[in-house]
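Novice: Going by numbering that gives the first Met the number 0, 179 is the number at position 180 of the sequence shown; the sequence numbering is gapless. Heads up, the beta-carbon is just placed ideally off N, CA and C, and yes, glycines get one too. Sharing a structure below in structure tokens format, with a few things to ask.
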Amino acid sequence: MERRGGPRARGSLSVLRKRQKLGKYRIVGRISRGPLAEVYAAHDTIQNIRVALKIPKQDDHVGQDEILHEVRVATKLQHPNILSVMNAGYIDDHFVIAMELGNESLADRIERRTSMAIKLDLAGQALAGLAHAHEHRIIHCDIKPENFILFPGHRLKLADFGFAKRCVRTLKASGSGTIDYIAPEQAMGRPKFQSDVFSIGLVLYRMFSGTLPEWPFEWPLAGYDKLEARVRPELIDLLKKAIQLDPAKRYADAVAMSVNFESLQSGARMQKATRSKRGAKRGISWQQRRWSEFQRHFRAQLDTRHHCRRCEGPVAESMQACPWCGFDNPSRGSDTRMAAHCPRCERGVKNDWDYCPWCYGPGFVEETTRHYPDKRYAAKCANTRCRGPLMPFMRYCPHCRKKVKRPWKIKGSRHSCKACNWGIARDFWNYCAWCREPVRRA
């Protein structure tokens, strides 16, 4: 963004009106108002997309350096389950942070009836996003349902690192965070990684039981009877360990908690698969017939030789989501035919690529100056300075990192996703494999 002036005089932010222009953005309406900033829904008139604009208040408690630090913290956390900062700068004397605009918050979703499968999926995504922040030694300090934003296809992203900057810089705070979900030691100004563990434990407890426990957090907590009836004992043990008054008895950080959760989910899937195999002796299920028919038509073209980590359906390494159950990065951790793996998304990459074509992020250390031919290349980069070869369904050019604008299509299917315009197998899929948008059949 182009800077058009310095910061406003300290004080309250003037309210932006509906349809008001702010640089290239047209205001749609205010989403929320907080003590530090206001968030607006807006339309980017250049890129023709909807965005969220966070406009901090320049008062005595929030300095310009702190606001810039918040942006830098969020920008360096590139992860599918962390809300991306698209742009930041001054417009008409306003400091504006442009972010992805979701559909609703987790606080909105948990008030409605939601299947247990979706709740477990959301829990895994919430833990994955927080674990990534902890891996970068960042304590969020304000974990609550309102700070998890939902996107189409049940994609969840952690937002609002406004309090995290204090934890990153000083490893202390004065009660920052939301009181309902705050850990006891954080309330006394001594936040730790275990404080975030405590908070997300409460978030998940509320999501699964429908009840938010209160001090003094003695087990069995309020709503325990409903929790016990809805989830497995192993998951209750996980939540119990997270919601301990003594930080030393909790998980060390969200990384350890996420690993334990994924292990529990993997074990549950294996038990389910065992039951399915026993039932298969009486005949092949309709889902297996559906997968088999799909593979007969599209396996060679899409290279769907992997299996989804959640539903076991056939998926390709290039897919961003499972087309059967919507699970994010469904082939993560699978073997690859490429020479190496991307350290972020774990998909295969070639040694002569400078960037990962499946996820956006910094480039790789150069290993060779040679470029190797590959029969899978099917197009060229639109960047006239690059014109590097592209494989089908790449999101970014592996040579210059330019976003691929062409809509990839599937031969043998005339259908396209309404959201991203890429090809879909509408007769088979429940979700778009490229953007996770639910597939609507005529």
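On the CB-based measure, 16 or more other CB atoms within 10 Å of its CB, does Gln286 come out buried or exposed?
Specialist: What you label residue 286 is simply residue 287 of the sequence shown in a count that begins at 1. Per the 10 Å Cβ criterion, exposed.
Novice: Nearest-angstrom Cα distance between Phe147 and Glu110?
Specialist: Locating residue 147 in the sequence shown gives position 148, counting from the first residue. Locating residue 110 in the sequence shown gives position 111, counting from the first residue. Roughly 14 Å separates the two Cα atoms.
Novice: Look up Val84 in the DSSP assignment and say whether it is helix, strand or coil.
Specialist: As a position in the sequence shown, residue 84 is number 85, starting the count at 1. It is a strand residue.
Novice: Pro55 by DSSP, collapsed to three states: which one?
Specialist: As a working note, residue 55 is residue 56 in the sequence shown. Strand, per DSSP.
Novice: Spatial neighbours of Arg386 within its chain, please: C-beta separation below 6 Å, excluding the five flanking residues on both sides.
Specialist: For this step, residue 386 is matched to residue 387 along the sequence shown. Only Lys379, Cys380 meet the Cβ criterion.
Novice: Please specify which runs of the beta strand (DSSP E), each continuous and at least 3 residues long, are wholly inside the stretch 77 to 132, giving them in chain order.
Specialist: For the stretch 77 to 132, whole beta strand (DSSP E) runs of length 3 or above, ordered along the chain, are 84 to 90, 93 to 99.
Novice: Look up Pro437 in the DSSP assignment and give the residues it is bridged to.
Specialist: On the sequence shown, position 438 is the one that residue 437 refers to. Its beta-bridge partners are Tyr430.
Novice: Looking at the unbroken beta strand (DSSP E) that takes in His42, where does it start and where does it end?
Specialist: Your numbering for residue 42 matches position 43 in the sequence shown. Residues 36 to 43.
Novice: Could you say which of Arg16, Val38, Glu261, His306 lies nearest to Ala125 if we only look at CA atoms?
Specialist: Within the sequence shown, residue 125 is the residue found at index 126, counting from 1. Answer by Cα proximity: Glu261.
Novice: Within this structure, are the beta carbons of Phe216 and Ile242 separated by less than 7 Å?
Specialist: As a position in the sequence shown, residue 216 is number 217, starting the count at 1. As a position in the sequence shown, residue 242 is number 243, starting the count at 1. Yes. Within cutoff.
Novice: Exposed or buried, Glu316, counting other C-beta atoms within 10 Å across all chains shown (16 or more means buried)?
Specialist: Within the sequence shown, residue 316 is the residue found at index 317, counting from 1. Buried.
Novice: Rounded to a whole number of angstroms, what is the C-alpha to C-alpha distance between Tyr359 and Arg16?
Specialist: Position 360 of the sequence shown holds residue 359. Position 17 of the sequence shown holds residue 16. Near 34 Å, if we compare the C-alpha coordinates of Arg16 and Tyr359.
Novice: Check whether the stretch 128 to 148 touches the stretch 194 to 203, taking contact to mean three or more Cβ pairs, one atom from each stretch, closer than 8 Å.
Specialist: Yes, the stretch 128 to 148 touches the stretch 194 to 203.
Novice: In the structure shown, what three-state DSSP assignment does Phe363 receive?
Specialist: The sequence position of residue 363 within the sequence shown is 364, counting from 1. Three-state DSSP puts Phe363 in coil, outside helix and strand.
Novice: Out of Pro212, Pro151, Phe392, Lys118, state which residue places its alpha-carbon closest to the alpha-carbon of Lys404.
Specialist: On the sequence shown, position 405 is the one that residue 404 refers to. Measuring from the Cα of Lys404, the nearest candidate turns out to be Phe392.
Novice: Note down the Cα distance separating Leu237 from Lys408, rounded to an integer number of angstroms.
Specialist: Indexing the sequence shown from 1 puts residue 237 at position 238. Indexing the sequence shown from 1 puts residue 408 at position 409. Between Leu237 and Lys408, the C-alpha separation is close to 43 Å.
Novice: Compare the C-alpha of Arg375 against each of Asn429, Glu103, His414, Leu301 and name the closest.
Specialist: For this step, residue 375 is matched to residue 376 along the sequence shown. With distances taken between Cα atoms, Arg375 lies closest to Leu301.
Novice: From the DSSP output, read off the bridge partner residues of Pro313.
Specialist: Against the sequence shown, residue 313 aligns to sequence position 314. DSSP output for Pro313 lists His306 as bridge partner(s).
Novice: Under a three-way DSSP split, which group does Asp179 fall into?
Specialist: Here residue 179 refers to the residue found at position 180 when the sequence shown is read from its first residue. In the structure shown, Asp179 sits in a helix (DSSP, three-state: H, G or I).
Novice: If you draw a straight line from the C-alpha of Arg440 to the C-alpha of Asp91, how long is it?
Specialist: In the sequence shown, residue 440 corresponds to position 441, counting from 1. In the sequence shown, residue 91 corresponds to position 92, counting from 1. Arg440 and Asp91: Cα-Cα distance of roughly 46 Å.
Novice: Could you compute how far the alpha carbon of Glu292 sits from the alpha carbon of Asn420?
Specialist: On the sequence shown, position 293 is the one that residue 292 refers to. On the sequence shown, position 421 is the one that residue 420 refers to. Distance between the alpha carbons of Glu292 and Asn420 is about 24 Å.
Novice: Nearest-angstrom Cα distance between Pro388 and Trp214?
Specialist: The sequence position of residue 388 within the sequence shown is 389, counting from 1. The sequence position of residue 214 within the sequence shown is 215, counting from 1. Cα to Cα, the separation comes out at about 59 Å.
Novice: Give the secondary structure of Leu238 by DSSP, where H, G and I count as helix, E and B as strand, and everything else as coil.
Specialist: Counted from its first residue, the sequence shown places residue 238 at position 239. Looking at Leu238 - three-state DSSP - the assignment turns out to be helix.
Novice: Just how far apart, CA to CA, sit Asn102 and Pro356?
Specialist: One-based indexing of the sequence shown puts residue 102 at position 103. One-based indexing of the sequence shown puts residue 356 at position 357. Spanning the two alpha carbons is a distance of roughly 27 Å.
Novice: Whole angstroms are fine: how far does the CA of Gly123 sit from the CA of Arg154?
Specialist: Position 155 of the sequence shown, counted from the first residue, corresponds to residue 154. Position 124 of the sequence shown, counted from the first residue, corresponds to residue 123. Straight-line Cα distance between these residues: approximately 11 Å.
Novice: Which residue from Gly411, Ser412, Arg384 puts its Cα closest to that of Arg400?
Specialist: Position 401 of the sequence shown, counting from 1, holds the residue named residue 400. Here the closest residue by C-alpha is Arg384.
Novice: Please list the terminal residues of the continuous alpha helix (DSSP H) segment that includes Gly200.
Specialist: Position 201 of the sequence shown, counted from the first residue, corresponds to residue 200. 192 to 208 is the extent of the alpha helix (DSSP H) around Gly200.
Novice: Give the secondary structure of Ala186 by DSSP, where H, G and I count as helix, E and B as strand, and everything else as coil.
Specialist: Here residue 186 corresponds to residue number 187 of the sequence shown, with the count starting at 1. If DSSP states are grouped into helix, strand and coil, Ala186 belongs with the helices.
Novice: Buried or exposed for Trp218, please, with buried defined as at least 16 other CB atoms from any protein chain shown within 10 angstroms of its CB.
Specialist: By one-based count along the sequence shown, residue 218 stands at place 219. Answer is exposed; the Cβ neighbour count stays below 16.
Novice: May I ask you to report which of helix, strand or coil DSSP gives Ser173?
Specialist: Residue mapping note: residue 173 aligns to position 174 of the sequence shown, counting from 1. The predicted position of Ser173 is uncertain, since its pLDDT is 36 and thus under 50; no value can be drawn from it.
Novice: Give the C-beta separation of Phe160 and Ala182 to the nearest angstrom, bearing in mind that I take them to be a contact with Cβ-Cβ under 8 Å.
Specialist: Here the question's residue 160 lines up with position 161 in the sequence shown. Here the question's residue 182 lines up with position 183 in the sequence shown. That belief does not hold up - the Cβ atoms of Phe160 and Ala182 are roughly 17 Å apart, past 8 Å.
Novice: Sorted by chain position, which residues of the same chain lie with C-beta nearer than 8 Å to Trp352's C-beta, five sequence neighbours on each side aside?
Specialist: Locating residue 352 in the sequence shown gives position 353, counting from the first residue. Only Phe363, Pro397, His398 meet the Cβ criterion.
Novice: With a Cβ-Cβ cutoff of 7 Å, do Ala424 and Ser415 count as a contact?
Specialist: Position 425 of the sequence shown, counted from the first residue, corresponds to residue 424. Position 416 of the sequence shown, counted from the first residue, corresponds to residue 415. Taking 7 Å as the Cβ cut-off, Ala424 and Ser415 do not qualify as a contacting pair.
Novice: In chain order, what residues of the same chain have a beta carbon less than 6 Å from the beta carbon of Trp428, not counting five sequence neighbours either side?
Specialist: Within the sequence shown, residue 428 is the residue found at index 429, counting from 1. Excluding residues within five positions, the ones whose Cβ falls inside 6 Å are Pro322, Val438.
Novice: Please report how far the alpha carbon of Arg18 lies from the alpha carbon of Trp433, in whole angstroms.
Specialist: Here residue 18 refers to the residue found at position 19 of the sequence shown. Here residue 433 refers to the residue found at position 434 of the sequence shown. The alpha-carbon atoms of Arg18 and Trp433 are separated by roughly 32 Å.
Novice: Using a Cβ-Cβ cutoff of less than 6 Å, which residues in the same chain neighbour Arg168 once the five nearest sequence positions on both sides are dropped?
Specialist: For this step, residue 168 is matched to residue 169 along the sequence shown. Summary for Arg168: the model assigns pLDDT 34, below 50, so the residue's position carries little reliability; its value from the coordinates is reported in the next sentence. Counting only Cβ-Cβ distances below 6 Å, and skipping sequence neighbours, we find nothing.
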